[in-house]
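Residue numbers (the numbering used here): 15 to 814. Working notes, structure below.
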């Protein structure tokens, strides 16, 4: 009877705390044992034992529980400092939970029953000191900024000017503002001193909202054009809308009514997107054609054209004034891009990016769905007469010398490397620049042809008039990591020790920014061939070296201690993942065991590319850091398994190859990256010295975590930056819903505007008819990144 009474009188809080500590201890003991078997840190095993012992002492009501926990917390603090130093976000999963539990153990309702009849300081003083030490470490870490680079650009000019094609200062006539892809605006009305006053000017909703039958990666990656006194917006389902730039009111709309309009037909698609349209004004060019043929008359209609690539594989020419198809182009305004392509599944081939437009030609490539088979459509580049839609030349990397128009009934080389991103053009040099992808599938290259190897994962310069290769430079040899060159090449005249040079800058997924002479393809910034891990699967090979630019944002190699989590438990699981997978640094080959790809195929730089200020000679960039895992799956197991759900879910089949692949982000059970933050930065590079001027963490997890914490962790961004002559940079692509402005001199964030949806795109700026400068962004979200989706076009300006 006495024993039962004692049990009933046992305080509830210590009992509950003991049960919680015992459960935590047993879980950590199991995880720690697994990690130790893989050669990982013994900390988690020891911690599990310490927590279990503390729990047992608490159950017994023994005062030694306080001392045991004090020893555990003290040792955990020292271990954390040894592993990561004073890095707040690295300390959180290591110490935050243990610190809170230490405070709980110091509460009178826990402490007093344990110390009955004993002087309190004698047994609780050690725990008090351990809690204070952990708290002081956390406090001290608030004053450190790992990964941050501070600097200041003092010059307003490097004695250079922009050599990009001329246009009115207030226009944005091409995807990258000019055909150079520089994304530099000469506007100066909005400055670092007044940008904090920006306020919403107008909002327009397109009405094109992702539906239940759309693919997961339905995205509004569009950068609108401002030209001809209008704004031109395209939507994921290939609609074009002309807006008034001052009010956002709709002027006209063109809906191509894509042939797969029925929602059920979109489910097998990998993407549904439109990054932009292209503009051509016949009056802006000389009246004679490039070949010296007959002068071209200026027709009353369609002298100004909008070129729209559609999701059902058409290239449509629209009258920029009215939105009506130009009947003299192709077949009643459209060219059928399936011609000579061969068979493919709906959505398996079309152009997600705008074409390039020159005086006489409209030049277009196409996206090919990754990792479906080894028999995908050709990556051919085709040039059509800008007025008639007649095919002028075609460049097929599988048959690169034969650029004259293909004969009827022939088919372009199947599965040749494609170019799905944006072109850049230098009409004075007569060159168009192609950022290239690779031959399918991405993670296995045992049957790739010599031609596909030569032109993949690099930059190719073609002669505008003929389509012949003038030069090419490869940035990833025998690409097994999906290192497509995603960003639009950036053209500028670069100040060097040998004088001003015509340069092309190519940002890449692996983090290098390759700087080449755009006339010859020779490096301006040195590129070194560096040794990389070897050991491909049977039937494949690896390149012994890979090219690395001296100008790069490649991260340091991952270590076990870089694995992250919100709690010690998901951190331990991430460590187990890390030790279970193959990883020997960048370019670790894909494997049956599973390999870590870091930087991942999301890219340090993807299709967002970079922007430059050619006057100050700087680049404004937004590097991201996300590790991925890839695992090769034998074909027999692919056939027996559940198969592909999307490009990032399930087993990618690679039909025709001996292996399928599972490719996914390296995430913790909480859905957060396994590698520690920061995951995204903004930075500026002095292009005259190739040195990073400043680099700051950028963005919060406010819109991507269960608790909307607005702390600046540094999150990935998908979309590009822009610069202005007043010394401002703008970026909208972060996972949180903001358009932000930065001082290019020092990287200070000067303003942020809240958005109603994710804006994984590139903003732009222009002058309205009212003479005011606007900053505009499309906020439609991104299905694969899980940002909020919508259909918003938003403009900001200064108050009058």
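Backbone N, C-alpha and C fix where the C-beta goes; we use that ideal spot for every residue, glycine too. If you're wondering where the values come from, they're calculated on a predicted model, not measured in any experiment.
On the CB-based measure, 16 or more other CB atoms within 10 Å of its CB, does residue i come out buried or exposed?
{"i": "residue 117", "result": "exposed"}
{"i": "residue 114", "result": "exposed"}
{"i": "residue 409", "result": "buried"}
{"i": "residue 434", "result": "buried"}
{"i": "residue 76", "result": "exposed"}
{"i": "residue 123", "result": "exposed"}
{"i": "residue 370", "result": "buried"}
{"i": "residue 210", "result": "exposed"}
{"i": "residue 301", "result": "The pLDDT assigned to residue 301 is 43, lower than 50, so where the model puts this residue is not dependable; a value taken from the coordinates is nonetheless given after this. So residue 301 ends up on the exposed side."}
{"i": "residue 96", "result": "exposed"}
{"i": "residue 545", "result": "exposed"}
{"i": "residue 231", "result": "buried"}
{"i": "residue 213", "result": "exposed"}
{"i": "residue 175", "result": "exposed"}
State the CB to CB distance for the pair residue i and residue j, rounded to an integer number of angstroms; the pair is presumed to be in contact (CB under 8 Å).
{"i": "residue 524", "j": "residue 449", "result": "Rounded, the Cβ-Cβ distance is 13 Å, inconsistent with contact."}
{"i": "residue 65", "j": "residue 88", "result": "Actually they are not in contact, since the Cβ atoms of residue 65 and residue 88 sit about 14 Å apart, beyond 8 Å."}
{"i": "residue 787", "j": "residue 768", "result": "The Cβ separation is near 20 Å, so there is no contact."}
{"i": "residue 482", "j": "residue 476", "result": "7 Å"}
{"i": "residue 198", "j": "residue 626", "result": "6 Å"}
{"i": "residue 771", "j": "residue 793", "result": "4 Å"}
{"i": "residue 576", "j": "residue 683", "result": "So it is not a contact: roughly 18 Å between Cβ atoms."}
{"i": "residue 319", "j": "residue 351", "result": "Not really, about 17 Å apart at Cβ, beyond 8 Å."}
Out of the options, which has the shortest C-alpha to C-alpha gap to residue i?
{"i": "residue 270", "options": "321, 257, 241, 230", "result": "321"}
{"i": "residue 642", "options": "651, 601, 462, 142", "result": "601"}
{"i": "residue 395", "options": "188, 411, 384", "result": "411"}
{"i": "residue 35", "options": "49, 48, 71", "result": "71"}
{"i": "residue 621", "options": "806, 68, 195, 403", "result": "195"}
{"i": "residue 292", "options": "334, 272, 672", "result": "334"}
{"i": "residue 431", "options": "190, 510, 496, 532", "result": "496"}
{"i": "residue 733", "options": "619, 193, 631", "result": "619"}
{"i": "residue 494", "options": "457, 461, 152, 296", "result": "457"}
{"i": "residue 754", "options": "765, 760, 761", "result": "765"}
{"i": "residue 149", "options": "567, 159, 167, 106", "result": "106"}
{"i": "residue 80", "options": "126, 695, 61", "result": "126"}
{"i": "residue 714", "options": "406, 154, 58, 726", "result": "726"}
{"i": "residue 383", "options": "614, 284, 695, 240", "result": "284"}
{"i": "residue 405", "options": "349, 364, 709, 253", "result": "349"}
May I have the straight-line CA-CA distance separating residue i from residue j, to the nearest angstrom?
{"i": "residue 717", "j": "residue 799", "result": "11 Å"}
{"i": "residue 554", "j": "residue 675", "result": "14 Å"}
{"i": "residue 337", "j": "residue 590", "result": "57 Å"}
{"i": "residue 777", "j": "residue 756", "result": "13 Å"}
{"i": "residue 315", "j": "residue 347", "result": "12 Å"}
{"i": "residue 53", "j": "residue 33", "result": "30 Å"}
{"i": "residue 428", "j": "residue 459", "result": "15 Å"}
{"i": "residue 237", "j": "residue 248", "result": "8 Å"}
{"i": "residue 169", "j": "residue 737", "result": "16 Å"}
{"i": "residue 372", "j": "residue 294", "result": "8 Å"}
{"i": "residue 681", "j": "residue 687", "result": "4 Å"}
{"i": "residue 360", "j": "residue 436", "result": "22 Å"}
{"i": "residue 739", "j": "residue 244", "result": "23 Å"}
{"i": "residue 202", "j": "residue 187", "result": "18 Å"}
{"i": "residue 806", "j": "residue 324", "result": "20 Å"}
{"i": "residue 108", "j": "residue 152", "result": "11 Å"}
{"i": "residue 99", "j": "residue 110", "result": "15 Å"}
{"i": "residue 461", "j": "residue 422", "result": "28 Å"}
{"i": "residue 663", "j": "residue 647", "result": "14 Å"}
{"i": "residue 666", "j": "residue 656", "result": "10 Å"}
Over what stretch of residues does the beta strand (DSSP E) that includes residue i continue unbroken?
{"i": "residue 588", "result": "Taken as a continuous stretch (DSSP letters only), residue 588 belongs to no beta strand (DSSP E), being part of the alpha helix (DSSP H) at 582-594."}
{"i": "residue 488", "result": "483-488"}
{"i": "residue 406", "result": "405-409"}
{"i": "residue 63", "result": "Here residue 63 belongs to no beta strand (DSSP E); instead the alpha helix (DSSP H) covers 57-73."}
{"i": "residue 562", "result": "559-563"}
{"i": "residue 41", "result": "Unbroken run through residue 41 is the alpha helix (DSSP H), 26-51; no beta strand (DSSP E)."}
{"i": "residue 102", "result": "Not the beta strand (DSSP E): residue 102 falls in the alpha helix (DSSP H), residues 102-105."}
{"i": "residue 510", "result": "504-510"}
Output the boundary residues of the alpha helix (DSSP H) element that contains residue i.
{"i": "residue 457", "result": "Residue 457 -> no alpha helix (DSSP H), and no H or E assigned at all."}
{"i": "residue 469", "result": "464-469"}
{"i": "residue 823", "result": "It is not possible to answer for residue 823, since the shown part of the chain is limited to 15 through 814."}
{"i": "residue 94", "result": "78-98"}
{"i": "residue 651", "result": "649-654"}
Closest Cβ-Cβ distance between residue i and chain B: below 8 Å?
{"i": "residue 423", "result": "Protein chain content of the structure displayed is limited to a single chain, and chain B is not contained in it."}
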